DNA sequence: AATGATAACGATAACGATTATCGTTATCAG
DNA sequence: CTGATAACGATAATCGTTATCGTTATCATT
């Protein structure tokens, strides 16, 4: 039985109001002023719970995990310059799931695409 | 100046001869009998070197990284049942890179697709 | 073949992100 | 209002990975 919690509300609300794919620690420091008693463990706990509830997406781009409050189908680019993550919106999923299901014998539930390269700003700086 | 090393050869050879996407530790234990003095640090060191040399692919599916000696374009499925990783071969990349380049202002170097679901064996068991 | 510079090694300490523990607090059905 | 317990905060523990450091192996140059 899942109970209501102010902390979980605040975490989800904060995450959904931003588009910079914060880490658990980013969220922690962002919420600390509003909820001084907040613990980092609580942020991790709730992020993983929100993920299993399908309300949040974890982007496991190596080292530190980042989170996204937008659960609609879209992809990400991990920038080699600033090591940030930016959204990549395509019109469709290119039929990736159907093609994959034809080529193998198991069950596909979801998929994620992670591009590697340089974001708009870092691209300009490199010329 | 990169020097030759028996350990690196053995790691690459072992990785390329198998299709189970082993972790660094898997490779370590697999090679230990043949090279008793091998250190786990050496395995990590060489895997990351082989990765930057483009001879190996790191699959950063959350927790523990797995490695793939097949550097040709193909994708992976992370099985929710056995938590293994299996290959997904598609005929093409569905034009993913071109579509993404049109929809955003930066530079794309590569991409990876990770499907989530159940492998052939785990699918059958679930019926 | 011997030499010397240094890349790579092995062992292990350090690191950092995440998870587990545990006593306390907040939620909520009865 | 009350009791059961989900969730909390603080912090210790875990675990994959990286850094350190003294030693060894590689290899271009004698």
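Chains as they are written, first to last, in the working numbering: chain R, 18 to 144; chain P, 18 to 144.
All C-beta atoms in this analysis are idealised placements derived from N, C-alpha and C, irrespective of residue type, glycine included.
The structure presented is a predicted model; accordingly, all values stated were derived computationally and were not measured.
- For residue 38 of chain R, there are no C-beta contacts with chain P under 7 Å, since the nearest C-beta of that chain is about 15 Å from it.
- Our two residues, residue 18 of chain P and residue 72 of chain P, have alpha carbons roughly 17 Å apart in a direct line.
- Nearest CB-CB separation between residue 117 of chain P and chain R: below the 8 Å threshold.
- Among the bridge pairs identified by DSSP, residue 96 of chain P is matched with P/134.
- By the 16-neighbour rule on beta-carbons within 10 angstroms, residue 136 of chain R is buried.
- At least one beta carbon of chain P lies nearer than 8 Å to the beta carbon of residue 122 of chain R.
- Residue 46 of chain R is classed as exposed because its beta carbon has fewer than 16 other beta carbons within 10 Å across all chains shown.
- Pairing residue 48 of chain P with residue 28 of chain P gives a Cβ-Cβ distance under 8 Å.
- If you draw a straight line from the Cα of residue 144 of chain P to the Cα of residue 34 of chain R, it is about 41 Å long.
- Excluding its 5 nearest sequence neighbours in each direction, residue 118 of chain R has C-beta neighbours in its own chain below 6 Å: 125, listed in chain order.
- Cβ proximity to chain P below 9 Å picks out 126, 127, 128, 129, 130, 131, 132, 133, 134, 135, 136, 137, 138, 139, 140 and 141 from the stretch 126 to 142 of chain R.
- Residue pairing by DSSP places residue 128 of chain P opposite R/132 in a beta bridge.
- In this chain, the alpha helix (DSSP H) harbouring residue 43 of chain P covers 41 to 48.
- Looking at the DSSP output, residue 74 of chain P sits in a beta bridge with P/85.
- Taking a cut-off of 8 Å for Cβ pairs, the stretch 88 to 99 of chain P and the stretch 95 to 110 of chain R do not touch, as fewer than three such pairs fall below it.
- For residue 99 of chain P, no chain R residue has a Cβ inside 7 Å of its Cβ, as the nearest lies near 11 Å away.
- For residue 79 of chain P, the chain R residues whose C-beta falls within less than 9 Å of its own C-beta are 75, 77 and 82, listed in chain order.
- Linking residue 69 of chain R to residue 26 of chain R through their CA atoms gives a straight-line distance of about 15 Å.
- Distance from the CA atom of residue 36 of chain P to the CA atom of residue 67 of chain R, rounded to whole angstroms, is 34 Å.
- Going by beta carbons, residue 130 of chain R and residue 113 of chain P fall inside the 8 Å limit.
- In terms of CA proximity to residue 83 of chain P, P/32 leads the group P/141, P/21, P/32 and P/22.
- By the CB criterion at 8 Å, residue 116 of chain R and residue 96 of chain P fall outside the cutoff.
- The three-state secondary structure of residue 28 of chain P, taken from DSSP, is helix.
- In this structure, residue 38 of chain P lies away from residue 132 of chain R, with their beta-carbon atoms at least 8 Å apart.
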